[in-house]
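> Before I ask anything, here is the structure I am working with.
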Amino acid sequence: MAPSSNPSRIGVDIGGTFTDLVWVDEATGAVRVGKLLTTPKDPSQAVEEGVVTLLHEADAGAGAVRALIHGTTLATNALIERKGARVGLLATRGFRDAVEIGREGRYDMYDLFIDPPVPLVPRQLRDEVDERILADGSVLRPLDPAQARAAITALGAQGVEAIAICLLHAYRNPAHERALAALCAEILPGVPVSCSSDVVPEIREYERTSTTTANVYVMPLMARYLDDLERKLQGLGVPGRLYVMMSAGGIATPETAKRVPIRLVESGPAAGALAAARSARQVGLDRLLSFDMGGTTAKACVIDRGEPLLAREFEVARADRFKKGSGLPIRVPVVELIEIGAGGGSVARVDRMGLLKVGPDSAGADPGPACYGAGGQEPTVTDADLVLGYLDADFFLGGRMRLDVEAARRAIETRVARPMGLGLTEAAWGIHRVVNENMAAAARVHGIERGKDLRGYPLFAFGGAGPVHAWHVGQILRVPRVLVPYGAGALSAYGLLAAPLAFDFVRTAPQRLTAADWGLINRLFQEMETEGRRILRTAGVADAQVTVRRSAEMRYFGQGHEVDVEIPAGPLTAASLATITDSFEAAYRLLYSRTPMGVPLEALNWRAVVSGPPPDLTITDGLAAGTAAVPAAKKHRAAYFAEAAGYVDTPVYDRYQLDPGARLAGPVIVEERESTTVIGPGARVSVDTHRNLVAEPAGEVR
């Protein structure tokens, strides 16, 4: 039979341990899912292998693939591991150390030995140029071309592989930065350059410099990777366009990604949050707690009003994983996620105090957990889950990868049980419980910081390990129910297919709103919209399909932090002030439960998100509607549940045989190729119309 020639799309999400792929036939809605170990030394190798396997299993032709949408943590890993380019920095005279001085506050005021974030650019590679632009954009001191040439030449002599340019107040007037970029191209041809006025044109010197240096630090790496991936796809005969997921949830072309790769740092996790939000809207829920646990980390995201929360800044490469301020600040919009150092590959160990610790270090894909049989000796969360009976050694990845139970037992016995004087089962349950408590605690703090009571948020679990742990995490958080979507193990790849082409822009123009220059503000919004439409037009999006969402970062005069406020469409005038004020006060009251009286408002940054239409993602799973009858369990196996004080003979069901309307009672295990759902005793489990597993406590959650 000839391969299908229907148009299709592929989503690819590269994680620290596994690479997930989803192929969708756009004509029929048919789906195929693939999952294989990530190849850390060359991530594109796993993508290439996965695409070949997926097309073969789907009996589909490569020539029919219309688009491949890609999410990757490559940029994040390069920043964490310090494996980027050798970067030089050009700054205004007197300001080269701003990136090292950082903020006034210490991230732990009681620790005298804290390690401050180490800049990506060492001091000997930071040079200064003679120029000065004032806060209003006027030129106090013109750029000295001769001195600038000498500074660029000196950086070249030190072997820099990329250059960041960050001049004082360049967000108001980029002329000097652009002149420097032209000189760099002339003196050091072929050396990548990033200007702060292009990467993050907004106020705050430290954050702007840190973001610009991080952008150019990963630029050569990402350019090589994307070029290599495009070549491999062409070699496979895939004619469709490659797109890349951005951290804020939109997708962009490789050309844009190569220019501002720092916007890719949270691309894979963002796709998972988008998929969770889409699922929430499908089932009529306006809020969820998205819980994505893979092989390396777990991520939680609050979904409110059907959309994931967004942040304007985050940190990478923290010196202390759980302390804000200990990492490098990156000032770009991102889906707001709390990342927990806990995944299936998280390593368990006994510390110097004799206490059990799990993570944040991970066995990753190479060598992986001990049970992978690839040389790993350290006990991990996956090893514990296998020993506890939650995983089937013969059905991991649908049977494509057999797990070594004895290796898992040896690792836990040697490294945890004996040092702590515990039995094997006690040690394995300790690992499982500790990681659940860690994830629940981090999620609870994340919710509290945003004024959210997570007891009212259903837990939506996905990722390869998420459904294994979701029930117990949900019990700790006291959530009303736990939902596990169909295809949970590769849900982030589904999210990639549901994302629109989009890009966001920002301009700094501080304005006291009672005396605002509305003409200037309208020009800034028009400038951002025009640039966004131009980018989307080059990607084939018609102007009529473009949507623009506008916002401002506002605060009461004298405050140090801003609140995001939606700005109405159309030209703004003094008459718009009342509407904008109402929106700000509603957002402020939601955060702080009060608003001060008689304090004027000011806006600092003006933003626009310019988006194409979301793709029409109609997916059918190829299964009949069914009769809601519960099929016979495919097997039983002993699984440990603390509620039952031991191992319980637990029925194991095939996820693909459970139709909408089916009802089960815990304890129960439900297996699909890419993940396993474990539900404890005392739970009611049902399958809804979208094939989500819905688990609810029969009584009060303990």
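At position 296 of the sequence shown the residue is numbered 285 (the numbering used here), and the sequence of numbers has no breaks. Every residue, glycine too, gets a C-beta built ideally from N, C-alpha and C.
(1) Which residue from 41, 522 and 113 puts its Cα closest to that of residue 75?
(2) Just tell me which of 556, 94 and 544 has its CA closest to the CA of residue 580.
(3) Alpha helix (DSSP H) containing residue 463: first to last residue?
(4) Would you tell me roughly how many angstroms separate the C-alpha atoms of residue 432 and residue 143, rounded to the nearest one?
(5) Just curious, the alpha helix (DSSP H) that residue 619 is in, first and last residue?
(6) Alpha carbon to alpha carbon, how far is residue 117 from residue 740? Give it in angstroms, no decimals.
(7) For residue 518, which residues in the same chain have their Cβ closer than 7 Å to its Cβ, ignoring the five residues on either side in sequence?
(8) Could you check how far apart the C-beta atoms of residue 166 and residue 177 are, in whole angstroms? I think they sit under 8 Å.
(9) Leaving aside the five residues before and after residue 695 along the sequence, list all residues of the same chain whose C-beta is less than 6 Å from its C-beta, in chain order.
(10) Are the CB atoms of residue 401 and residue 373 nearer to each other than 8 Å?
(11) Expressed to the nearest angstrom, what Euclidean distance is found between the alpha-carbon atoms of residue 454 and residue 283?
(12) So which of 333, 656, 594 and 298 has the shortest CA-CA distance to residue 440?
(13) Any heavy atom of the ligand ZN inside 7 Å of the beta-carbon of residue 458?
(14) Identify whether residue 471 lies in helix, strand or coil by the three-state DSSP scheme.
(15) Assign residue 387 to buried or exposed, taking buried as 16 or more other Cβ atoms, counted over all protein chains shown, within 10 Å of its Cβ.
(16) Which residues in the same chain as residue 191 place their Cβ atom closer than 6 Å to its Cβ, once the five residues preceding and following it in sequence are excluded?
(17) Can you name, in chain order, every residue of its own chain whose Cβ lies under 6 Å from the Cβ of residue 123, other than the five neighbours on each side?
(18) Between the C-alpha atoms of residue 331 and residue 152, what's the straight-line distance to the nearest angstrom?
(19) Scan the region 154 to 212 and note each continuous beta strand (DSSP E) run of 3 residues or more that stays entirely inside, going in chain order.
(20) Measuring alpha carbon to alpha carbon, tell me which of 425, 370, 424 and 389 ends up nearest residue 398.
(21) Would you mind stating whether residue 475 and residue 313 have Cβ atoms separated by less than 8 Å?
(22) To which residues does DSSP link residue 9 through a beta bridge?
(23) Pick helix, strand or coil for residue 583, following the three-state DSSP scheme.
(24) Alpha carbon to alpha carbon, how far is residue 210 from residue 71?
(25) Kindly indicate the opening and closing residues of the beta strand (DSSP E) around residue 441.
(26) Using alpha carbons as the reference points, say which of 565, 277, 59 and 419 lies closest to residue 346.
(27) Indicate whether residue 201 and residue 188 have their beta-carbon atoms separated by less than 8 Å.
(28) Excluding the five sequence neighbours on either side, which residues of its own chain have a C-beta within less than 6 Å of the C-beta of residue 457, listed in chain order?
(29) Using only the alpha-carbon positions, how far apart do residue 127 and residue 531 sit?
(30) How is residue 664 classed by DSSP in three states: helix, strand or coil?
(31) Where does the unbroken beta strand (DSSP E) through residue 653 begin, and where does it stop?
(32) Ordered along the chain, which non-local residues of its own chain (more than five positions away) have a Cβ less than 7 Å from that of residue 272?
(33) Tell me which same chain residues have a C-beta within less than 7 Å of the C-beta of residue 413, skipping the five on either side of it?
(34) Report the CB separation of residue 212 from residue 247 in whole angstroms; it is logged as a contact under 8 Å.
(35) For residue 244, count neighbouring Cβ atoms within 10 angstroms of its own Cβ and tell me buried if that reaches 16, exposed if not.
(36) Which residue spans inside the region 315 to 371 form an unbroken beta strand (DSSP E) run of at least 3?
Let me lay it out:
(1) To locate residue 75, count along the sequence shown from 1; it is residue 86. For the residues 41, 522 and 113, the minimum Cα distance to residue 75 belongs to 113.
(2) Taking the sequence shown and counting its residues from 1, one reaches residue 580 at position 591. The option with the nearest alpha carbon to residue 580 is 544.
(3) Numbered from its first residue, the sequence shown carries residue 463 at position 474. Annotation: the continuous alpha helix (DSSP H) that includes residue 463 extends over 455 to 466.
(4) Position 443 of the sequence shown, counting from 1, holds the residue named residue 432. Position 154 of the sequence shown, counting from 1, holds the residue named residue 143. Their backbone Cα atoms lie some 48 Å apart in a straight line.
(5) For this step, residue 619 is matched to residue 630 along the sequence shown. Taken as a continuous stretch (DSSP letters only), residue 619 belongs to no alpha helix (DSSP H), as it is neither H nor E.
(6) With the chain running from -10 to 691 in the structure shown, residue 740 is simply not present.
(7) Taking the sequence shown and counting its residues from 1, the one referred to as residue 518 is at position 529. Within the same chain, residue 518 has close Cβ partners 537, 597 and 599.
(8) In the sequence shown, counting from the first residue as 1, residue 166 sits at position 177. In the sequence shown, counting from the first residue as 1, residue 177 sits at position 188. Your pair residue 166 and residue 177 does not check out as a contact, with CB atoms roughly 16 Å apart and the cut at 8 Å.
(9) Coverage of the chain is limited to positions -10 through 691, which leaves residue 695 absent and any answer about it impossible.
(10) Start at 1 with the first residue of the sequence shown, and residue 401 comes out as number 412. Start at 1 with the first residue of the sequence shown, and residue 373 comes out as number 384. Yes, they are a contact pair.
(11) The residue given as residue 454 occupies position 465 in the sequence shown. The residue given as residue 283 occupies position 294 in the sequence shown. If you draw a straight line from the Cα of residue 454 to the Cα of residue 283, it is about 5 Å long.
(12) Position 451 of the sequence shown, counted from the start, is the residue given in the question as residue 440. Of all alpha-carbon atoms in 333, 656, 594 and 298, the one lying nearest the alpha-carbon of residue 440 is that of 298.
(13) For the ligand ZN, the structure offers nothing, since it holds no ligand at all.
(14) As a working mapping, residue 471 is identified with position 482 in the sequence shown. In this structure, residue 471 counts as strand in the three-state DSSP scheme.
(15) Translated into the one-based positions of the sequence shown, residue 387 becomes position 398. Exposed, since its Cβ has fewer than 16 Cβ neighbours within 10 Å.
(16) Here residue 191 refers to the residue found at position 202 of the sequence shown. Excluding sequence neighbours, residue 191 sits near 160, 495, 497 and 594.
(17) Along the sequence shown, one-based indexing puts residue 123 at 134. These residues qualify, in order along the chain: 129.
(18) Within the sequence shown, residue 331 is the residue found at index 342, counting from 1. Within the sequence shown, residue 152 is the residue found at index 163, counting from 1. Residue 331 and residue 152: Cα-Cα distance of roughly 35 Å.
(19) As summarised for the region 154 to 212, the continuous beta strand (DSSP E) elements at least 3 residues long and confined to that stretch are 182 to 184, given in chain order.
(20) By 1-based counting over the sequence shown, the position of residue 398 is 409. Of the residues 425, 370, 424 and 389, the one whose Cα lies closest to the Cα of residue 398 is 370.
(21) Counting from one through the sequence shown, the residue named residue 475 turns up at place 486. Counting from one through the sequence shown, the residue named residue 313 turns up at place 324. Taking 8 Å as the cut-off, the Cβ atoms of residue 475 and residue 313 do not count as close.
(22) Numbered from its first residue, the sequence shown carries residue 9 at position 20. Checking the DSSP bridge columns, you'll see residue 9 partnered with 2 and 24.
(23) Locating residue 583 in the sequence shown gives position 594, where the first residue counts as 1. The DSSP-derived three-state label of residue 583 is coil.
(24) Position 221 of the sequence shown, counting from 1, holds the residue named residue 210. Position 82 of the sequence shown, counting from 1, holds the residue named residue 71. Taking the Cα positions, residue 210 is about 12 Å away from residue 71.
(25) Position 452 of the sequence shown, counted from the first residue, corresponds to residue 441. It is not in any beta strand (DSSP E) - residue 441 carries neither H nor E in the DSSP assignment.
(26) Mapped onto the sequence shown, residue 346 falls at position 357. With distances taken between Cα atoms, residue 346 lies closest to 419.
(27) Locating residue 201 in the sequence shown gives position 212, counting from the first residue. Locating residue 188 in the sequence shown gives position 199, counting from the first residue. With contacts defined as CB atoms closer than 8 Å, residue 201 and residue 188 qualify as a contacting pair.
(28) As a first step, residue 457 is located in the sequence shown; it is residue number 468 there, counting from the start. Hits under 6 Å: 374, 379, 665 and 667.
(29) In the sequence shown, the residue the question calls residue 127 occupies position 138. In the sequence shown, the residue the question calls residue 531 occupies position 542. Approximately 38 Å, taken between the alpha carbons.
(30) Here residue 664 is taken as the residue at index 675 of the sequence shown, counted from 1. The DSSP-derived three-state label of residue 664 is coil.
(31) Mapped onto the sequence shown, residue 653 falls at position 664. 652 to 654 is the span of the beta strand (DSSP E), which, as asked, contains residue 653.
(32) Taking the first residue of the sequence shown as position 1, residue 272 is located at position 283. Scanning its chain for C-beta atoms nearer than 7 Å, with the 5 sequence neighbours on each side dropped, one finds around residue 272 the residues 677, 679 and 681, in chain order.
(33) Position 424 of the sequence shown holds residue 413. By the criterion of a C-beta distance shorter than 7 Å, residue 413 is surrounded in its chain by 376, 398, 401, 402 and 406, once the five residues flanking it on both sides are discounted.
(34) For the purposes of this step, residue 212 is taken as the residue at position 223 of the sequence shown. For the purposes of this step, residue 247 is taken as the residue at position 258 of the sequence shown. 5 Å between Cβ atoms; contact.
(35) By one-based count along the sequence shown, residue 244 stands at place 255. Label assigned to residue 244: exposed.
(36) Counting whole runs of 3 or more residues, the region 315 to 371 contains the beta strand (DSSP E) stretches 317 to 319, 327 to 329, 335 to 339 and 345 to 351.
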